[in-house]
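Asker: Heads up, the final residue of the sequence shown is numbered 348 in this note's numbering, and it's a clean run with no missing numbers.
Once you've had a glance at the structure underneath, I'll fire off some questions.
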Amino acid sequence: MPQSQEPRADIGLIGLAVMGQNLALNMNDKGHTVAVFNRTVSKVDDFINGPAAGRDTLIGAKTLEALIAALKPPRRVMLMVKAGQPVDDFLGQLTPHLARGDIVIDGGNSNFQDTIRRCSQLEQQGLRYIGTGISGGEEGARHGPSIMPGGSREAWPHVKGIFQAIAAKVDGEPCCDWIGDNGAGHFVKMVHNGIEYGDMELICEAYALMRAAGLAAGEMQEVFAEWNRSELNSYLIEITADILGKVDDQTGKPLVEVILDAAGQKGTGKWAVISALDMGVPLTLIAEAVFARCLSAMKQQRVAVSKVFRGPRPKFRIDLPSFLEDLRKALFASKIISYTQGFQLMREAAKE
């Protein structure tokens, strides 16, 4: 696509993996002209000629210089790149092309301490920096994520309209507001992810108890679907029911029984537990959820141990309806504990 001669883009976005593409399309749907760039330049053409085809308010840039030239002042540039060193690398390439008052936004899962450092560094250069958590995955990015911005407070008025337009809405209110200074946005996203770790571990333990009680995957699917119509209603409960209903095409078995029982992690749950230890906050439920993931990753050791040691095989007689109702209540109570501990951590961080 030919480049515009006059700056006309409201925001620039760097990083065209699925999250970046979907955010760009979401912004464009809400009436904002978006310029996009990717280090692998072929992805720019693929995006402009593919998902963004026919949109003359989505501008493909082949260089960082072209991206910057396409932006209205104050320039707003959003990074959707892998957390860690890649963010610092892009900042090093990007900041020489920016002017005083321009705004850089990191939309990845960065460590809040890195965000504090970057915010200070860019403010010393006369630039403004926002570190924002974005929750909702690929679908959320396209149709309405939860957005948690923090950093240079004076940057907020310049991005508020864009962020609140693309965010999810609850009772008409956008799931986006200013979180606080420095690394506040990424801190809240870190705690959010830790709470999600806890939710997933609780679901796993409810599954394990139902399995010990003799329920098959199809029966558990019905239970989770029913729970999703109760106060447990949530995305994680919904997709758990969906997964339990899936059958593996190759084996004919429930898909959940053939998936490798080894969970990965990106680090945010671990960071939350480390922060809790630093601040003296008992983040016990989330900590155990992180350790459970670590344990699941020790697949070879678990297989070796299983050959020489057989653990208990619980068998118990139950009144099934009563058991399932007790389990639902226990899961709900445990979720409340997880959320409470997460909010205690944020409260303690706010004092600092």
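We put the beta carbon where it would ideally sit given N, CA and C, even for glycine.
Everything numeric in this text was worked out from a predicted model, so none of it was measured.
1) According to the Cβ coordinates, are Arg138 and Leu21 closer than 8 Å?
2) Assign Asp6 to buried or exposed, taking buried as 16 or more other Cβ atoms, counted over all protein chains shown, within 10 Å of its Cβ.
3) Please work out which residues of its chain come closer than 8 Å, Cβ to Cβ, to Ile233, disregarding the five sequence neighbours upstream and downstream, and give them in chain order.
4) Go ahead and pull the three-state DSSP assignment for Thr128.
5) Since Ile101 sits in a beta bridge, which residues does DSSP pair it with?
6) Scan the stretch 229 to 289 and note each continuous alpha helix (DSSP H) run of 4 residues or more that stays entirely inside, going in chain order.
7) Tell me which same chain residues have a C-beta within less than 7 Å of the C-beta of Phe328, skipping the five on either side of it?
8) Can you find a heavy atom of the ligand ZN that lies under 7 Å from the Cβ of Glu253?
9) DSSP three-state label for Ser226, please.
10) Under 8 Å: do the stretch 120 to 135 and the stretch 178 to 186 share three or more Cβ pairs, one atom per stretch?
11) Just tell me which of Gln121, Ile112, Leu320, Gly265 has its CA closest to the CA of Gly97.
12) For Ser292, which three-state DSSP category applies?
13) Is it the case that the stretch 280 to 293 contacts the stretch 258 to 271, given that we only count it when at least three CB pairs across the two stretches are under 8 Å?
14) Please classify Phe339 as buried or exposed, where buried requires at least 16 neighbouring CB atoms within 10 angstroms.
15) Would you mind giving the Cβ-Cβ distance between Thr350 and Asp102, rounded to the nearest angstrom? I have them listed as a contact below 8 Å.
16) When burial is assigned at 16 or more other CB atoms within 10 Å of the CB, is Arg298 buried or exposed?
17) So, using beta-carbon positions, are Met186 and Thr264 closer together than 8 Å?
18) Can you list, in chain order, the residues of its chain with a C-beta nearer than 6 Å to that of Leu19? Leave out the 5 residues immediately preceding and following it.
19) Compute the Euclidean distance between the alpha carbons of Leu54 and Ala345, then round it to the nearest angstrom.
20) With which residues is Glu169 paired in a DSSP beta bridge?
21) Near Arg324, which residues of its chain fall below 6 Å by C-beta distance, leaving aside the five closest residues on each side in sequence?
22) Pull up the CB-CB distance for Met144 and Gly104, whole angstroms please, since I reckon it's below 8 Å.
23) Return helix, strand or coil for Ala5, following the three-state DSSP convention.
24) Compare the C-alpha of Ile270 against each of Phe183, Gly307, Leu240, Arg313 and name the closest.
25) In the DSSP assignment, what are the bridge partners of Leu54?
26) Quick check on Gly136: does DSSP put it in helix, strand or coil?
27) To which residues of the same chain is Leu349 closer than 7 Å at the C-beta, ignoring the five residues directly before and after it?
28) Find out if the Cβ-Cβ distance for the pair Gly132, Ser142 is shorter than 8 Å.
Answerer: Put simply:
1) yes
2) Its Cβ being crowded by 16 or more others within 10 Å, Asp6 is buried.
3) Here the set comprises Ile199, Phe220, Trp223, Asn224.
4) strand
5) Met74, Ile126
6) 231 to 240, 264 to 275
7) Glu227, Leu228
8) As presented, the structure is devoid of all ligands, the ligand ZN included, so that no description of it is given.
9) coil
10) Touching, yes, given that three or more Cβ pairs across the two stretches are closer than 8 Å.
11) Gln121
12) helix
13) yes
14) Phe339 sits exposed, since fewer than 16 C-beta atoms from the chains shown fall within 10 Å of its C-beta.
15) The structure shown does not extend to residue 350, since the chain is modelled only from -3 to 348, so the question has no answer here.
16) exposed
17) yes
18) Excluding positions up to five away in sequence, the list reads Ala137.
19) 39 Å
20) Val166
21) Trp223
22) Not really, about 12 Å apart at Cβ, beyond 8 Å.
23) strand
24) When only C-alpha atoms are compared, the closest one is Phe183.
25) Val30
26) helix
27) Because the chain is modelled from -3 through 348, residue 349 falls outside the range shown and cannot be assessed.
28) yes
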